[in-house]
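Working notes, beginning with the structure itself.
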Amino acid sequence: MAKQTGIIKLKGTIGGISFYKTTDGHLAREKGGVDKNRIQNDPAFQRTRENGSEFGRAGKGGKVLRNAIRLLLQNAKDKRVVSRLTKTLVAVTKTDVVNERGLRTLQDGDLGLLEGFEFNLNGKLGATLFAPFTKAFDRLTGEATLDLVAFSPVIRIAAPAGTTHFKLVMGIAELDFVNETSTFENDETAILPYTAANTAAIALSATITANSTLPVVQVLGVEFYQEVNGEMYALKNGAYNALSVVIVDTP
């Protein structure tokens, strides 16, 4: 593909060249490709159909997860989170040793590959929060917990310039990839001052379905604020907020 330059940016197709806008700017590429009907029916494209089926399944699975944690995700995501999450979930489907190629699923794959997934590469949790924490999920009761001992925010949290306050958020999501539904609960701290003084010990908890037979994902995040005239504002519209998967639990 080529990048468009100049004052006037084009959109559409002219002379076999497609012009379009992306997050990388205005691009252009030659229109072409294999006929759709041939891809759907030609035996030579069997592998293409299988890959397409699994890619589509991964894409839907990513949407289930994103919708489940939407309350937290809307405050901490980068522009490529959809494609990055889909790529990880495609890798998950490839670990399915139960079903044939083309029919492999997320629930039969190794969802543990999701652990550590960062929803915002501009503010990774691993490069933001340095306070040690303990996390746990009890499938029998459905309770997820996350605990931190008292810590100094300016020492244990790498905050962007302009930060005056912060908040820790935690969520637990039960994911039904087959029916494309989910259950979600969350907990959070108050908005705390970003100072050298120690916080109190922090204990977050949230409970979903007891004895669930579905995959469960727990996420942890940090949100940054700036106080102006007594009002709290999301710092730089949340551009550097962190959110990451800290637990993946499968039945």
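With full-length UniProt numbering applied, the sequence shown covers 1 to 251. Backbone N, C-alpha and C fix where the C-beta goes; we use that ideal spot for every residue, glycine too. Since this is a predicted model, take the numbers as computed values, not measurements.
Whole runs of the alpha helix (DSSP H) within the region 75 to 125, excluding any shorter than 4 residues: 81 to 93
Bounding residues of the beta strand (DSSP E) (the contiguous stretch that carries Val245): Ala242 to Asp249
Residue span of the beta strand (DSSP E) that contains Leu204, given as start and end: Ile202 to Thr207
The region 189 to 207 / the region 85 to 97 touching (three or more Cβ pairs under 8 Å): no
Leu72 in three-state terms, based on DSSP: helix
Inter-residue Cα distance where the pair is Ala161 and Tyr225: 11 Å
Nearest-angstrom Cα separation, counted from Thr213 out to Val251: Going by the sequence as given, residue 251 is Pro instead of Val. Each residue's Cα considered, the two are about 6 Å apart.
Environment of Gly123 [buried if 16+ CB atoms lie within 10 Å]: buried
Beta carbon proximity, Ala173 to chain C, threshold 8 Å: The structure shown contains no chain C; it holds only a single protein chain.
Those residues which DSSP pairs with Ala161 across a bridge: Looking at the DSSP assignment, Ala161 forms no beta bridge with any residue, so it has no partner.
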